[in-house]
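Please read the structure below before turning to the comments.
Number of protein chains: 2
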Amino acid sequence: MTPISKKVGVLGAGQLGRMLALAGYPLAQKFAFYGVSEDEPSALLGHMHMHSDEADNLKQLVDFADVITYESENTDVEMVREIAKTTPVYPGEKSLYVSQHRGREKNLLTDLGIPCAPFEVVDSLESLHNAVQKIGLPAVLKTTTEGYDGKGQAVLKSEDQVEKAWQQLGERELILEGFVDFARELSIIAVRNAHNEHVYYPLMQNVHHEGILRYTIAPARQISEDVQKQAEEYMHKLLDELDHVGVLTLELFETEDGLVANEMAPRVHNSGHWTIEGAETSQFENHVRAICGLPLGSTQPKQPLAAMVNIIGETGPVEEVLKMPKAHLHLYDKAERTGRKLGHINLMAENEDELYQMMQQLSAFLPQ
Amino acid sequence: MTPISKKVGVLGAGQLGRMLALAGYPLAQKFAFYGVSEDEPSALLGHMHMHSDEADNLKQLVDFADVITYESENTDVEMVREIAKTTPVYPGEKSLYVSQHRGREKNLLTDLGIPCAPFEVVDSLESLHNAVQKIGLPAVLKTTTEGYDGKGQAVLKSEDQVEKAWQQLGERELILEGFVDFARELSIIAVRNAHNEHVYYPLMQNVHHEGILRYTIAPARQISEDVQKQAEEYMHKLLDELDHVGVLTLELFETEDGLVANEMAPRVHNSGHWTIEGAETSQFENHVRAICGLPLGSTQPKQPLAAMVNIIGETGPVEEVLKMPKAHLHLYDKAERTGRKLGHINLMAENEDELYQMMQQLSAFLPQ
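Chains as they are written, first to last, in the UniProt record's numbering: chain A, 1 to 368; chain B, 1 to 368.
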């Protein structure tokens, strides 16, 4: 109806799809989702097409859509390749193919001269033993695909843990990564549209607990201009090499020798949720702008300091959050379950003292 | 699913319902709408129940909902009374009944000691002539009900215009209001929840053209603390007298003798659209909080100065708006039509100079 209006099909119907839709409707974009249940977070925010044995429902989504995007790097590449024959899929197949496999990802990083931990892909106990010899211990053994929130990982500290870890992680293709001695975990979010505009959000500082992101501080404290510029250069290389359209996230370690890349995600990212109120344009709006061929928006933070606190497992005392003047509640309307991301709280502050006080008020949501 | 989650039924499916839903989903509220067409702005943002000869569709909405609200003061009071027998409707029947009739509204204002123009309700040419004698000219003749965006009004400057105006406005019940000599048009938005919490947004300055709001400056410039306090006192009286739950808006004239009330609306208001990015909590989120029994959020502006520019009739060069760093586009996805509100643009500024420059960049959207 409206000149810039497009129909966006999302593969997935979780909280990321939900927040994409909430950001996209004000730009007159329309949404449809490909999900598994009417209870999913996106289900009420557009047309809902269900997975089923029949291919019809996916076809309906594709027929509806001017452009297709996805929520997860674990999206089936074959499916995306098939869809792309008739309808643009952003980010494209290459971004998806690379980022859903830790081996391919690290090969690309290495090819582009982006520092990352030494690594070896292994497919047998014997090759794992060889890799341990080469890389040394401690090291981290991970599945090459489908790991998230710390699942599918084991830290190896001594040779006698190798066989057990191999058995535990499923006797399938794994990757052994050298241990990185880091000061902080950081991430950066970049956006590129098909007109080759690039924008970058400031580096963010992430704190994990038991493998799950618990909170993010944005911008990360005490980051020099050079380090921010270095991170942006890495992202620029990745965006161009992948011919990426949409949001791309890179997790990084801050070490004594500079930034070391950990892993990337071809999508909006939990560490960027603070941008909903905290940046001039949120990561969600910029992803929608990018995939719909619109000009990208400013990534400037609106205040000196922001934080994002995840709500994990239990919804908790959210009415108390509503009483905090500069806190913003974002619930995904999901059932409680141990370790599950149910929502997040964005905090806006003028300085570290104010932020620290607000974080203390939210202690019920933070790991003790 | 989530502890604070409620199901909200909205009578109407226009842009106000759309923006209520966009603000409500992050608080885990679910939405359904009672509308006339699948093309309406809210249609994709929840369950859509259509008006039809059968009462079944309204019943479905009511059965779904934990609480019902409405988009327009022209909502049928009888319908609301019927619904309220089984499901809470906020704002309540009294707020609706009073604000859909200019005579009842001005009687209430007068009873509460809130200044307004002298007025007479008339139902014949003879009583209109008597009212003209009593109030004097110039004066404004209006329909008592259903007028909006300057429709259903005539300015009377001389006796010989009286008969023609009576004929033009439909020979039905009208109200004659004394002409108010005002410096500026202002409005104030207040919110009350069922726990009797009250919050107030700052006075806003509104500029109309041909009866339609074209832009709002928020906060209004050069408003003394006393004037803000006066406006809040008026709102407090209205909220309490009406036992109002939800957002209430009052349009005011700024005159040499102080504030003079013009008209009220028991709902979120076009002059409050700047609050989406401009205030800590938007009018939409606060309306949802109020009707769902949640604590109200801070009404503090996030920046020194904001403006809201309406997009009227034609969508216009909206891609240019997307390039402006501190402008936020809100389209309602409606077909273009003369005089129709299609969207709005929120501008955030540090000072008047910056705002003025941004307004100049938006000259295509402003009346010449």
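Glycine included, every Cβ here is placed at the ideal spot set by N, Cα and C. Fair warning: this is a prediction, and the values are worked out from it, not measured in the lab.
Considering Cα atoms alone, identify which of the options is closest to residue i.
i, options, result
"R289 (chain B)", "A:L329, A:N270, A:G316 and A:V121", "A:L329"
"P88 (chain A)", "A:L259, A:K7 and A:A335", "A:K7"
"E210 (chain B)", "B:K151, B:V80 and B:D181", "B:K151"
"E350 (chain A)", "A:L248, A:I212, A:L305 and A:R221", "A:L305"
"A65 (chain A)", "A:L239, A:A84, A:E120 and A:E171", "A:A84"
"P118 (chain B)", "B:Y234, B:E177 and B:M324", "B:E177"
Taking all protein chains shown into account, decide if residue i is buried (16 or more other Cβ within 10 angstroms of its Cβ) or exposed.
i, result
"E71 (chain A)", "buried"
"D257 (chain A)", "exposed"
"D333 (chain A)", "buried"
"S99 (chain B)", "buried"
"H195 (chain B)", "exposed"
"P266 (chain B)", "buried"
"Q15 (chain A)", "buried"
"V122 (chain B)", "buried"
"V62 (chain B)", "buried"
"P26 (chain A)", "buried"
"Q303 (chain A)", "buried"
"V36 (chain B)", "exposed"
"T86 (chain A)", "exposed"
Return the chain-ordered list of same chain residues with a C-beta closer than 6 Å to the C-beta of residue i, the five sequence neighbours on each side being excluded.
i, result
"L347 (chain A)", "A307, A327 and M358"
"R184 (chain B)", "Q205 and E254"
"M19 (chain A)", "F284"
"H273 (chain A)", "M308 and H344"
"E251 (chain A)", "S187, N262 and E263"
"S127 (chain A)", "none"
Could you tell me the distance, in whole angstroms, from the CA atom of residue i to the CA atom of residue j?
i, j, result
"L366 (chain A)", "H344 (chain A)", "11 Å"
"A218 (chain B)", "S271 (chain B)", "9 Å"
"A279 (chain B)", "N286 (chain B)", "11 Å"
"L322 (chain B)", "L331 (chain B)", "12 Å"
"G17 (chain A)", "V77 (chain B)", "38 Å"
"R340 (chain A)", "T299 (chain B)", "32 Å"
"A335 (chain B)", "G12 (chain B)", "17 Å"
"E241 (chain B)", "R192 (chain B)", "12 Å"
"Q167 (chain A)", "D160 (chain A)", "13 Å"
"K314 (chain A)", "S52 (chain B)", "Looking at the sequence itself, residue 314 (chain A) is Glu, so the reference to Lys does not match. Cα-Cα distance, rounded: 42 Å."
"G246 (chain A)", "I114 (chain A)", "21 Å"
"V227 (chain B)", "D353 (chain A)", "35 Å"
"P91 (chain A)", "T110 (chain A)", "21 Å"
"G316 (chain A)", "P295 (chain A)", "39 Å"
"R81 (chain A)", "K94 (chain B)", "59 Å"
"V132 (chain A)", "T249 (chain A)", "29 Å"
"M79 (chain A)", "D181 (chain A)", "39 Å"
"L141 (chain A)", "I212 (chain A)", "17 Å"
"N57 (chain B)", "N107 (chain A)", "58 Å"
"E38 (chain A)", "H269 (chain B)", "33 Å"
"L125 (chain B)", "K134 (chain B)", "14 Å"
With a threshold of 8 Å on Cβ separation, who are the neighbours of residue i within its own chain once the five nearest residues in sequence on each side are excluded?
i, result
"R214 (chain B)", "V207, H208, V309, N310, I312, L366 and P367"
"P138 (chain B)", "V155, L156, K157 and F179"
"K237 (chain B)", "L112, G113 and I114"
"L342 (chain B)", "I311, I312, G313, E314, T315, L331, Y332, K334 and E336"
Does any C-beta atom of chain A lie closer than 8 Å to the C-beta of residue i?
i, result
"R192 (chain B)", "no"
"K237 (chain B)", "no"
"P88 (chain B)", "no"
"K323 (chain B)", "yes"
"G297 (chain B)", "yes"
"Y25 (chain B)", "yes"
"T216 (chain B)", "no"
"T315 (chain B)", "yes"
If you measure from the beta carbon of residue i to each beta carbon in chain B, is any gap under 8 Å?
i, result
"Q15 (chain A)", "no"
"F31 (chain A)", "yes"
"S37 (chain A)", "no"
"A28 (chain A)", "yes"
"S282 (chain A)", "no"
"R102 (chain A)", "no"
"T2 (chain A)", "yes"
"G319 (chain A)", "For the sequence presented, residue 319 (chain A) should be read as Glu rather than Gly. Closer than 8 Å to some Cβ of chain B, the Cβ of E319 (chain A) qualifies, so yes."
Given residue i, which residues of its chain have a CB within under 7 Å of its CB, disregarding the five upstream and five downstream residues?
i, result
"S224 (chain A)", "none"
"F31 (chain B)", "V8, V10, A21, G24, L45 and G46"
"H129 (chain B)", "V162"
"L355 (chain A)", "L305, A307, L347 and A349"
Closer than 7 Å to a non-hydrogen atom of the ligand NAD - does that hold for the CB of residue i?
i, result
"V321 (chain A)", "The ligand NAD is absent from the structure shown, which contains no ligand whatsoever."
Chain-ordered residues of the segment 325-347 of chain A with a beta carbon less than 8 Å from chain D: No chain D is part of this structure, whose protein chains are labelled A and B.
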